[in-house]
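**Student:** Residue numbers (the numbering used here): 1 to 224. Cβ atoms here follow ideal geometry from the backbone N, Cα and C, with glycine treated the same way. All figures in this text were calculated on a predicted structure; none of them were measured in a lab.
1. According to DSSP, which residues form a beta bridge with residue 134?
2. Going by alpha carbons, who is nearest to residue 127 out of 168, 167, 83?
3. Consult DSSP for residue 46 and reduce its assignment to one of helix, strand or coil.
4. Would you decide whether residue 154 is buried or exposed? Buried here means 16 or more other CB atoms lie within 10 Å of its CB.
5. On the CB-based measure, 16 or more other CB atoms within 10 Å of its CB, does residue 45 come out buried or exposed?
6. Counting pairs of Cβ atoms below 8 Å between the stretch 150-167 and the stretch 113-123, do you hit three or more?
7. Comparing C-alpha positions only, which one of 216, 10, 169, 189 sits nearest to residue 207?
8. Have a look at residue 56 and residue 48 and give me their C-alpha separation to the nearest angstrom.
9. Under 8 Å between the Cβ atoms of residue 162 and residue 219?
10. Is the stretch 170-180 close to the stretch 90-108, with three or more CB pairs under 8 Å?
11. Is it right to say residue 26 is buried, meaning 16 or more other beta carbons lie within 10 angstroms of its own, or is it exposed?
12. Taking the Cβ atom as the reference point for each residue, do residue 68 and residue 60 lie within a distance shorter than 8 Å?
13. Among 116, 110, 77, which has the Cα closest to the Cα of residue 88?
14. CB-CB under 6 Å to residue 74, same chain, minus the five flanking residues each way: which ones, in chain order?
15. List the whole-angstrom C-beta distance separating residue 85 from residue 111, where the pair is believed to meet the contact cut-off of C-beta under 8 Å.
16. Looking at residue 200: is its Cβ nearer than 8 Å to the Cβ of residue 187?
17. Express the C-alpha separation of residue 140 and residue 217 in angstroms, rounding to a whole number.
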């Protein structure tokens, strides 16, 4: 197989891509996988076949790829390292939450299991990273619960932001500037499909109009 960092990047990309598939869709299309990694479809297909030969994935020509249970476990361990490193960089090293994704992309491949367990213990065994993404346990298992987004939550009722699904630095800065980070209590005041907008208000009652694409990236739960 190729270098372990390449394998880990593919496993993580397949896992995360599969989470965004429509109900009933099992295989991640190769074009989608290739786009997420910035490679050609042919390169992605070659790697998918390599992962399948190693028992980490199932590959179906002209259909797509899915992880096996072993592949899911390894992907979960990569995400565990990534998200614990992100939290460590924010809480201990003083990085901004919008800076840590790229740093963790590099460090997730080189930190030892022993160091990760020490970080986990020092941080108090956290359940989520700075962006609200769930941190897998030491076996690579990820516990997730269905959550609404600003497109599906009740209108007029207070909700708490729990997760930001986009790690783009500019988007994270926008979220922070407008007090939409995880832990903030907000309220959807209205939705207008024709205007492609969702209007929200926060504790200061200042109203903000979001596009539906941005609103779909913010997960929330009922306040209280």
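**Tutor:** Answer, in terms of the structure:
1. Counted from its first residue, the chain shown places residue 134 at position 134. Note: residue 134 sits in a beta bridge opposite 128.
2. Locating residue 127 in the chain shown gives position 127, where the first residue counts as 1. If we check each option's Cα against that of residue 127, 83 comes out closest.
3. Here residue 46 refers to the residue found at position 46 when the chain shown is read from its first residue. Assigned with DSSP and collapsed to three states, residue 46 falls in helix.
4. Reading the chain shown from its first residue, position 154 is the one you call residue 154. Burial call: exposed.
5. In the chain shown, counting from the first residue as 1, residue 45 sits at position 45. With 16 or more Cβ atoms within 10 Å of its Cβ, residue 45 is classed as buried.
6. For the pair of segments examined, the stretch 150-167 was found not to touch the stretch 113-123: the number of CB pairs separated by less than 8 Å stays below three.
7. Residue 207 sits at position 207 when you count from the first residue of the chain shown. For the residues 216, 10, 169, 189, the minimum Cα distance to residue 207 belongs to 189.
8. Looking up residue 56 in the chain shown gives position 56. Looking up residue 48 in the chain shown gives position 48. If you draw a straight line from the Cα of residue 56 to the Cα of residue 48, it comes to about 9 Å.
9. Position 162 of the chain shown holds residue 162. Position 219 of the chain shown holds residue 219. It is a contact, given that the beta carbons lie within the stated cut-off.
10. Three or more beta-carbon pairs drawn from the stretch 170-180 and the stretch 90-108 are found closer than 8 Å, and the two stretches are therefore classed as touching.
11. The residue you call residue 26 lines up with position 26 of the chain shown. Under this definition residue 26 is an exposed residue.
12. Looking up residue 68 in the chain shown gives position 68. Looking up residue 60 in the chain shown gives position 60. Not in contact: residue 68 and residue 60 (Cβ atoms no closer than 8 Å).
13. Along the chain shown, one-based indexing puts residue 88 at 88. Residue 116 is the option with its Cα nearest to residue 88.
14. For the purposes of this step, residue 74 is identified with residue 74 of the chain shown, where counting begins at 1. In its chain, beyond the 5 residues on either side, 11 have a beta carbon closer than 6 Å to the beta carbon of residue 74.
15. As a working note, residue 85 is residue 85 in the chain shown. As a working note, residue 111 is residue 111 in the chain shown. Taking a contact as a CB-CB distance under 8 Å, the pair residue 85 and residue 111 counts as one, their CB atoms being some 7 Å apart.
16. Here residue 200 is taken as the residue at index 200 of the chain shown, counted from 1. Here residue 187 is taken as the residue at index 187 of the chain shown, counted from 1. Taking 8 Å as the cut-off, the beta carbon of residue 200 is found closer than this to the beta carbon of residue 187.
17. Taking the chain shown and counting its residues from 1, one reaches residue 217 at position 217. Taking the chain shown and counting its residues from 1, one reaches residue 140 at position 140. Cα-Cα distance, rounded: 24 Å.
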